[in-house]
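Residue numbers (my numbering), protein chains in the order written: chain A, 21 to 322; chain B, 12 to 291.
We treat Cβ as the ideally placed atom computed from N, Cα and C, and that holds for glycine.
Bear in mind that the values here come from a model prediction, so they are computed numbers and not experimental data.
Contents: one structure, followed by commentary.
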Amino acid sequence: MTTTTSDPGSLLVPVPEDADLAVRVRGLRRAYGDTKAVDGVDLDIVRGEVLALLGPNGAGKTTTTEILEGYRHRDAGEVTVLGIDPAKGDRTWRSRLGIVLQTASDLGDLSVEESVTHFAGYYPDPRPVGEVIDAVGLSEKRTAKGFDLSGGQRRRLDVALGLIGNPELLFLDEPTTGFDPEARREFWDLIRGLRGAGTTILLTTHYLDEAEVLADRVAVIARGRVIACDVPQRLGGRDESLATVFWREGEEDRSQSTHEPTRLVADLAQRLGGEVPALAVHRPSLEDIYLSLIDHDSEETS
Amino acid sequence: MSTSTLTREPAGAASVPGPLALGLRRIRIELKVFFRDRNSAVWNFALPVLLLVIFGAVFGSQDIGPGITFAQYFVAGMIASGVVYTSFQNLAIAIPMERDDGTLKRLQGVPMPKVSYFIGKIGLVFVAYVAQVTLLIIVGVAFYHLHLPSDLGRWFTFVWASVLGLVACTLCGIAFSVVPKNGKGASAVVSPIVLVLQFTSGVFFVFSQLPHWMQIFASIFPLKWLTQAMRSVFLPDSAQSIEVAGQWELGRCAAMLALWCVIGLVMSLVFFRWNKRGQN
Numbered sequence: 021m022t023t024t025t026s027d028p029g030s031l032l033v034p035v036p037e038d039a040d041l042a043v044r045v046r047g048l049r050r051a052y053g054d055t056k057a058v059d060g061v062d063l064d065i066v067r068g069e070v071l072a073l074l075g076p077n078g079a080g081k082t083t084t085t086e087i088l089e090g091y092r093h094r095d096a097g098e099v100t101v102l103g104i105d106p107a108k109g110d111r112t113w114r115s116r117l118g119i120v121l122q123t124a125s126d127l128g129d130l131s132v133e134e135s136v137t138h139f140a141g142y143y144p145d146p147r148p149v150g151e152v153i154d155a156v157g158l159s160e161k162r163t164a165k166g167f168d169l170s171g172g173q174r175r176r177l178d179v180a181l182g183l184i185g186n187p188e189l190l191f192l193d194e195p196t197t198g199f200d201p202e203a204r205r206e207f208w209d210l211i212r213g214l215r216g217a218g219t220t221i222l223l224t225t226h227y228l229d230e231a232e233v234l235a236d237r238v239a240v241i242a243r244g245r246v247i248a249c250d251v252p253q254r255l256g257g258r259d260e261s262l263a264t265v266f267w268r269e270g271e272e273d274r275s276q277s278t279h280e281p282t283r284l285v286a287d288l289a290q291r292l293g294g295e296v297p298a299l300a301v302h303r304p305s306l307e308d309i310y311l312s313l314i315d316h317d318s319e320e321t322s
Numbered sequence: 012m013s014t015s016t017l018t019r020e021p022a023g024a025a026s027v028p029g030p031l032a033l034g035l036r037r038i039r040i041e042l043k044v045f046f047r048d049r050n051s052a053v054w055n056f057a058l059p060v061l062l063l064v065i066f067g068a069v070f071g072s073q074d075i076g077p078g079i080t081f082a083q084y085f086v087a088g089m090i091a092s093g094v095v096y097t098s099f100q101n102l103a104i105a106i107p108m109e110r111d112d113g114t115l116k117r118l119q120g121v122p123m124p125k126v127s128y129f130i131g132k133i134g135l136v137f138v139a140y141v142a143q144v145t146l147l148i149i150v151g152v153a154f155y156h157l158h159l160p161s162d163l164g165r166w167f168t169f170v171w172a173s174v175l176g177l178v179a180c181t182l183c184g185i186a187f188s189v190v191p192k193n194g195k196g197a198s199a200v201v202s203p204i205v206l207v208l209q210f211t212s213g214v215f216f217v218f219s220q221l222p223h224w225m226q227i228f229a230s231i232f233p234l235k236w237l238t239q240a241m242r243s244v245f246l247p248d249s250a251q252s253i254e255v256a257g258q259w260e261l262g263r264c265a266a267m268l269a270l271w272c273v274i275g276l277v278m279s280l281v282f283f284r285w286n287k288r289g290q291n
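Given below as structure tokens:
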């Protein structure tokens, strides 16, 4: 049933053995001098899912994704991306990927439409240019030069160039940096639409709300290893962790941790006669779980 | 962002576009970007003409040989320099900037072979050179008694010298693009090299009047041979008397430029990188 050799009780929940994988990584290693940037990463991405890769800066996220994208070579490990070893990927393989890198400041002298049209020409089966520009919300900036776009608009152009080739697998490296809240919501809708159309997506992000909303599964990477991987609702035992109920009784703010928050609230309602003042039930957010995972990992290894 | 229209068709049987088709695509976009960028307009068009005007005004009327003014000699040298400006200097500065601003990384991520990128650069260099040389020739003919050759043989020399020089210097520029640590500092590394070659190769001074060791130094590099070939095109044959060898030595010019094409090709294949050092 399982594909990884994980211990019982591990935070790494493997995918079913018969799953159709877009990406399969086993024992990936890469060192820069004495620094082990990636130190034994195992990772599966199922076709059609959105997998969010979380982790502190320097944890090995970028090195891992850039090895998958064919930018960097690896020291050891097995990697297949769309059935092919990225180190041997040819142009046909590359045409099936879409890559949205972190910061870039190129294309300043070209208009949005010129850039997207130009990049469409690299692919055998591109999406219609106008459609992609609309989808990323740049229709009104079609004729604007790259230099004249705001940070968020530039990022949308990057996304458009990642989408134009009609990729089976899309890499998004911190795609919403510089977006205002409204633009982020719109971007989330776009990603949901892509997922609905069958695109596999590897999303690297620092925004945990983004991972929670978009990701089918979340992988947490720290010190060059994946330390937890599961659906966002269950990551790191989140679904089994205690809930905290907050309320006010008399002049006093009170709280209690419990496995049975519903029962506690019902008891309170009865005891306090109806409406419970300042009632709140708090479950650990993905961010709480993430931070405790990262903390725990650094305690364990230091 | 409306998502209703974005669909993903299963990949069709269409195959990736060929390297040559993508190369032509690169030429179009390179030209568009080049001619829109103010920096490149200054470096590649205004500066050579400015130098021509200044040197022409100061030394232009000095006779340096039988019926030859320095201005005529200098225009030929500037046309040869135009080869180096538009190819070597242009690329050795522009490519590190493209490495810095993410252009190269983005291109590395699309299904395009390196050779298409090189075709784009070569196309850009040829067009920029033709534009620059046309400008220099117009200024030279209008103000500095430059005589356009009337026989086909000289035009033939002009064409092969330009093509060999451009290919050699383009390849050397691509190879040299790994030397500057970043785009900002690139012109500070590249421009002095071009300037030293110009001083020692018979552009700013009459080559035969330079110290012997300087002549030997310059003879290693292509610009010296390029200036000599261009003088054979634009100066009368009587001007051979002020050449070091007393003749144009066109065979040696062609051989040295061809040799630099080979050196440039080997160096660009060995040294060219998409990434900054340590990023692969």
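Query	Result
Which residues in the same chain as residue 233 of chain B place their Cβ atom closer than 6 angstroms to its Cβ, once the five residues preceding and following it in sequence are excluded?	179, 268 and 271
In terms of alpha-carbon separation, which member of A/128, A/217, A/120 and A/34 lies closest to residue 82 of chain A?	A/120
On a CA-only basis, which of B/183, B/129, B/92 and B/149 is nearest residue 207 of chain B? Give me that one, please.	B/92
Under 8 angstroms: do the region 87 to 98 of chain A and the region 223 to 242 of chain A share three or more Cβ pairs, one atom per stretch?	no
Please confirm whether residue 126 of chain A has its beta-carbon closer than 8 angstroms to some beta-carbon of chain B.	yes
What does the alpha-carbon distance come out to for the pair residue 145 of chain A and residue 86 of chain A?	24 angstroms
Runs of 4 residues minimum, wholly inside the region 209 to 281 of chain B: which ones carry the alpha helix (DSSP H) assignment?	223 to 230 and 233 to 245
Which of the three DSSP states, helix, strand or coil, is assigned to residue 272 of chain A?	strand
Going by Cα to Cα distance, which pick from B/59, B/151 and B/223 is closest to residue 81 of chain B?	B/151
With H, G and I counted as helix, E and B as strand and the rest as coil, what does DSSP make of residue 41 of chain B?	helix
Taking only the alpha-carbon atoms, compute the straight-line gap between residue 193 of chain A and residue 271 of chain A and give it to the nearest angstrom.	48 angstroms
Just reading off the alpha helix (DSSP H) that residue 48 of chain A is part of, what are its end residues?	Looking at the DSSP string, residue 48 of chain A is not in any alpha helix (DSSP H); the run it does join, the beta strand (DSSP E), is 41 to 52.
Does residue 47 of chain B come out as helix, strand or coil in the three-state DSSP assignment?	helix
Can you pull the chain A neighbours of residue 119 of chain B, defined as C-beta to C-beta under 7 angstroms?	91
Sorted by chain position, which residues of the same chain lie with C-beta nearer than 6 angstroms to residue 169 of chain B's C-beta, five sequence neighbours on each side aside?	244
What residues in its chain sit with their C-beta under 8 angstroms from that of residue 76 of chain A, if we drop five residues either side in the sequence?	242 and 314
For residue 116 of chain A and residue 230 of chain B, I'd like the C-alpha separation in whole angstroms.	50 angstroms
Since residue 200 of chain B sits in a beta bridge, which residues does DSSP pair it with?	According to DSSP, which records beta bridges pairwise, residue 200 of chain B is partnered with nothing at all.
Counting Cβ pairs, one atom from each stretch, are 3 or more of them under 8 angstroms apart for the region 186 to 198 of chain B and the region 103 to 113 of chain B?	yes
Can you check the region 90 to 161 of chain B for any alpha helix (DSSP H) of at least 4 residues that lies completely inside it and give the ranges in chain order?	101 to 112, 114 to 119 and 125 to 154
Could you check the C-alpha separation between residue 30 of chain B and residue 119 of chain B for me, to the nearest Å?	14 angstroms
Can at least three beta-carbon pairs, one atom from the region 123 to 133 of chain A and one from the region 156 to 172 of chain A, be found at a separation below 8 angstroms?	yes
Checking 8 angstroms against the spacing of the C-beta atoms, do residue 61 of chain A and residue 244 of chain A come in under that value?	yes
Can you find at least 3 beta carbon pairs, one from the region 55 to 73 of chain A and one from the region 223 to 231 of chain A, that sit closer than 8 angstroms?	yes
Are residue 250 of chain A and residue 33 of chain A closer than 8 angstroms when you measure CB to CB?	yes
In terms of alpha-carbon separation, which member of A/160, A/178, A/212 and A/219 lies closest to residue 188 of chain A?	A/219
Are the CB atoms of residue 158 of chain A and residue 176 of chain A within a distance shorter than 8 angstroms?	yes
Buried or exposed, going by whether 16 or more other CB atoms sit within 10 Å of the CB of residue 21 of chain A?	In this predicted model, residue 21 of chain A has a pLDDT of only 40, less than 50, meaning its place in the structure is not dependable; the value taken from the coordinates is given anyway. Residue 21 of chain A comes out exposed.
List the DSSP bridge partners of residue 101 of chain A.	A/43 and A/104
Relative to the C-alpha of residue 141 of chain A, which residue among B/40, B/246 and B/71 is closest?	B/40
Could you give the first and the last residue of the continuous beta strand (DSSP E) run that contains residue 59 of chain A?	55 to 66
Is it true that the CB of residue 90 of chain A sits closer than 8 angstroms to the CB of residue 118 of chain A?	no
Using beta carbons (cut-off 8 angstroms, strictly below), is residue 112 of chain B in contact with chain A?	yes
Should residue 259 of chain B go down as buried or exposed, given a rule of 16 or more other Cβ atoms within 10 Å for buried?	buried
Would you give the residue range spanned by the alpha helix (DSSP H) that residue 17 of chain A belongs to?	Because chain A spans 21 through 322 in this model, residue 17 of chain A falls outside it and cannot be assessed.
What would DSSP say about residue 283 of chain B, mapped onto helix, strand or coil?	coil
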